[in-house]
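**Student:** First, the structure itself, so that you have it in front of you.
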Amino acid sequence: MISFTLLLTKIKKDMADDIHSSIFKKLLAIQSINDDVISDILSKSKTLNVCKKTYLLLPGDISKHAYFIKSGALRSFYIDSDGNEKVSWILIENDIVVSVNSFFTGNPSVEYLEAVEDCELLQLSKSHLEEIYTKHPQFNYIGRKLIETYYVRSEEQAISLRTLSAKERYEHFLSHEGYLLNRIPLGYIASYLGMSQETLSRVRK
């Protein structure tokens with residue numbers, strides 16, 4: 001196993017950039033990993049710099065990559081039967097992004113993944129991720145814990161939309177994700193909170 005201090009030495013030795021130290025810090029917070037896992041992630045992942053408004057996934061595409069956000073913000077959204085955008089996720093630094101249904105089932109996506117800001121991302125393909133899982137069984141635990149974390153976040157969001165009033169949803173957002181207000185357009189935030197922008201403007205007064 002490897003400590004975080006030794007990990008940073010390893011990263012420097014392998015000439016990895018800062019984006020790798022960020023993802024490894026997130027993984028090490030869950031469980032220690034050995035240097036073979038680190039080497040495989042370093043060799044199989046790549047850094048992407050994408051501009052604001054870039055789409056990483058479109059409806060009908062098969063999701064084949066997971067992304068770690070080093071800097072910037074992304075949103076996932078779909079178009080409802082009335083032609084309105086519905087934002088399901090807003091994700092920022094140190095979040096892991098994947099179109100869950102398409103990525104794990106291989107079915108065409110029904111959602112968009114779009115950069116809300118200029119982003120620096122670490123990209124890992126599904127095939128390479130599965131190779132790491134197979135080669136390093138210990139990494140399966142980390143993967144499971146990450147999935148659990150985002151499942152709980154999704155469930156909390158769904159419960160909020162079902163049980164809280166518009167004002168209560170906004171107050172909950174302020175206490176948990178209020179830092180997004182200065183970064184994300186209000187229209188996206190309103191959609192994420194399940195309300196119109198007019199309603200959001202009203203409850204903010």
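As numbered in the UniProt record's numbering, residues 1 to 205 make up the sequence shown, in order.
Ideal Cβ placement from N, Cα and C applies to all residues, glycine included.
#1: Do you know offhand how far Ile96's Cα is from Ile69's?
#2: Below 8 angstroms between beta carbons: does that hold for Tyr55 and Tyr112?
#3: When the distance is taken between beta carbons, is Leu200 closer than 8 angstroms to Asn190?
#4: Between the stretch 104-111 and the stretch 134-144, are three or more C-beta pairs nearer than 8 angstroms?
#5: Taking buried to mean at least 16 other C-beta atoms within 10 Å of its own C-beta, is His176 buried or exposed?
#6: Hey, how far is the Cα of Phe139 from the Cα of Glu156?
#7: Kindly list the residues whose CB is nearer than 7 angstroms to the CB of Asp80, restricted to its own chain and excluding five residues on each side of it in sequence; keep chain order.
#8: Is the beta carbon of Ile90 closer than 8 angstroms to that of residue 206?
#9: Taking the alpha carbon of Ile23 as the reference point, which residue from Leu57, Glu117, His65 and Leu122 has its own alpha carbon closest?
**Tutor:** Walking through what the data contain:
#1: 6 angstroms
#2: yes
#3: Before going further, note that residue 190 is Ala rather than Asn in the sequence given. Yes.
#4: no
#5: exposed
#6: 26 angstroms
#7: Lys86
#8: Outside the modelled stretch of the chain, which goes from 1 to 205, sits residue 206, for which no answer is possible.
#9: Leu122
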